[in-house]
């Protein structure tokens, strides 16, 4: 049938509607402000309906955790958001400074828990087993899991939910650490690609600088090894996100994606294979807030283990 009336999105409202009216409304594609309000409502409902008022966020000084902190502040009030900075030996000074600045802009409580001590203790414990083995992703993941351990300890003690900060691009590629940055009660931006995250951040900063400009301009990095950048192991996000949107949301084949986006077919196939290969991680991820036509959540069912080749 025809749409006769539309009420404001993602907030309670009421309106008397006459079905006899000749007026017909054409729904518009959701705008950035509606996406932001949807995510805030999702966080608010998820927390309040379970009896929680406070949340904890690991603030890295990056765009993802910054956006989650803004959304949480909108949803629950800044007085109910706690930002935890956990610098390691590889964290840049700018990351801590940027995270502090974000906390000041939002008016949230922030604290610093350096992980250098526990990180070295774990390395010392494992040293006899790792002897003569070159450092690799193992040592990187130890840092992420230590951060998750500390966040969950604060969560238990303070009766506050941890909000995870992984995005759709990272979840697709498995560029996340099980029991590390994936830990938490809710994956707030798990249905937003990196491109969409920057767009929502620009909407937030439209009137004044909430998310520091330095965060928007820096190269994305997990900072788990010296001079690390996401682009070291992933294609540029603007390219990667087009593949993810085509395959996951539009159900296009690699051949169609390569043709439409003018990309090498082999590259598209490699990214699609990574999406399938990391299904086991997503099955262990927190629930996420869906804001697109197809998310990595209920409704997208693939086997965890498969000898899948495109």
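Numbering (our numbering), first residue to last: 81 to 390. Just so you know, even glycine gets a beta-carbon here, dropped at the ideal spot from N, CA and C. No experiment lies behind these values; they were computed from the predicted model shown.
Check: CB-CB length for residue 230 against residue 332, believed under 8 Å; Outcome: Not really, about 41 Å apart at Cβ, beyond 8 Å.
Check: Whole-angstrom distance between residue 309 and residue 398, CA atom to CA atom; Outcome: This structure leaves residue 398 out entirely; the chain is present only between 81 and 390.
Check: Length of the line joining the Cα atoms of residue 207 and residue 214; Outcome: 11 Å
Check: Three-state secondary structure assigned by DSSP to residue 248; Outcome: helix
Check: Helix, strand or coil at residue 202 according to DSSP, with G and I counted as helix; Outcome: helix
Check: Rounded C-alpha distance that separates residue 181 from residue 158; Outcome: 14 Å
Check: CA nearest to the CA of residue 307, picked from 173, 91, 156, 132; Outcome: 173
Check: Residue range of the unbroken beta strand (DSSP E) whose run includes residue 191; Outcome: 189-192
Check: DSSP three-state assignment for residue 268, whether helix, strand or coil; Outcome: coil
Check: Euclidean distance between Cα positions of residue 199 and residue 297; Outcome: 29 Å
Check: Rounded straight-line distance, which links the Cα of residue 151 to that of residue 161; Outcome: 10 Å
Check: First and last residue of the uninterrupted beta strand (DSSP E) at residue 165; Outcome: 161-165
Check: Residue 398 to residue 113 span [Cα, whole Å]; Outcome: Examination of residue 398 is not possible in this model, given that the chain is present from 81 through 390 alone.
Check: Residue 228 versus residue 327: straight-line alpha-carbon distance, rounded; Outcome: 31 Å
Check: Nearest neighbour of residue 350, chosen from 375, 315, 360 [CA to CA]; Outcome: 315
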